[in-house]
Amino acid sequence: DVKVTQSSRYLVKRTGEKVFLECVQDMDHENMFWYRQDPGLGLRLIYFSYDVKMKEKGDIPEGYSVSREKKERFSLILESASTNQTSMYLCASSHVTGDYEQYFGPGTRLTVT
Amino acid sequence: QKEVEQNSGPLSVPEGAIASLNCTYSDRGSQSFFWYRQYSGKSPELIMSIYSNGDKEDGRFTAQLNKASQYVSLLIRDSQPSDSATYLCAVNIMIYNQGGKLIFGQGTELSVKP
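Going down the list, the protein sequences come from chains A and B. The numbers in this note's numbering rise by one with no breaks, and the one at position 37 of the first sequence is 37. The numbers in this note's numbering rise by one with no breaks, and the one at position 26 of the second sequence is 26.
Below is the structure:
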């Protein structure tokens, strides 16, 4: 059974703080993704990674960075959190070949005050 | 810009009826198509994948794909109140040597009334 876990379900941070969101998958997937989801805006891709130490910008990378030091782990970093980064953050993973099915973690609801 | 379009709904059907959810996409080169179900406050859950033209059935769910018309649909037979959720259509856009990324539609909210 595919398992994607995220470090926190709920997180409250203050404006200007550095925030780390962590995602771990146990299916030996090459690709990992970070999305945010907001009402009326749908799922938007922030960054993705297709290999260790490799990253690609998604549709809304501004204000975010990522780190992938190990295949199973993909971190999203908010360098200086702002209130407009209050959102649901979702991590997903998939194989780089084959079916391309993406499996999601449970999500982190981040509130920046 | 690659796009995936869905009717936003809400779509309301009585319990036991067939719910029909539709999706169109713009990238003619896409080969992989997915339906996700998302309950309120939860993350998307993959329920169907389809790669070839025609129908694919899994229990009460049937996915239909027509690549010529760039159209994907999901039928839910014998709808249950527990099927009430938002359904997301997703299309894989290939990226050389990187597998690809999914483009999601905005989702269709389904409400099944007892």
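Every residue, glycine too, gets a C-beta built ideally from N, C-alpha and C.
Query raised in the report: So which residues on chain B does A:ASP99 lean against when the C-beta distance must stay under 8 Å?
Result: SER32, SER49 and TYR51
Query raised in the report: Across which residues does DSSP place A:TYR89 in a beta bridge pair?
Result: A:ARG36 and A:THR108
Requested in this report: Mind checking who B:ASP55 pairs with in its DSSP beta bridge?
Outcome: B:GLN64
Requested in this report: Could you tell me which chain B residues have their CB closer than 8 Å to the CB of A:TYR47, listed as they occur along the chain?
Outcome: Simply none; closest approach about 11 Å.
Query raised in the report: Smallest Cα separation from B:ILE50: which of A:GLU62, A:LYS55, A:GLY107 and A:ASP99?
Result: A:ASP99
Query raised in the report: Is A:SER75 helix, strand or coil by DSSP?
Result: strand
Query raised in the report: Is A:ASN84 helix, strand or coil when you go by DSSP?
Result: helix
Requested in this report: Taking 8 Å as the threshold, find out whether the segment 39 to 53 of chain B comes into contact with the segment 16 to 28 of chain B through three or more Cβ pairs.
Outcome: no
Query - A:VAL112 versus A:HIS95: straight-line alpha-carbon distance, rounded - result: 33 Å
**Report entry** Closest Cα partner of A:GLU69 within the set A:MET32, A:GLU79, A:ASN84 and A:SER82
**Finding:** A:MET32
Query raised in the report: Between the C-alpha atoms of A:LEU43 and A:MET88, what's the straight-line distance to the nearest angstrom?
Result: 10 Å
Query - Between the CA atoms of B:ARG37 and B:LYS2 - distance to the nearest angstrom - result: 22 Å
Query raised in the report: Which residues, in chain order, does the segment 56 to 80 of chain B contribute to contact with chain A at a C-beta distance below 9 Å?
Result: none
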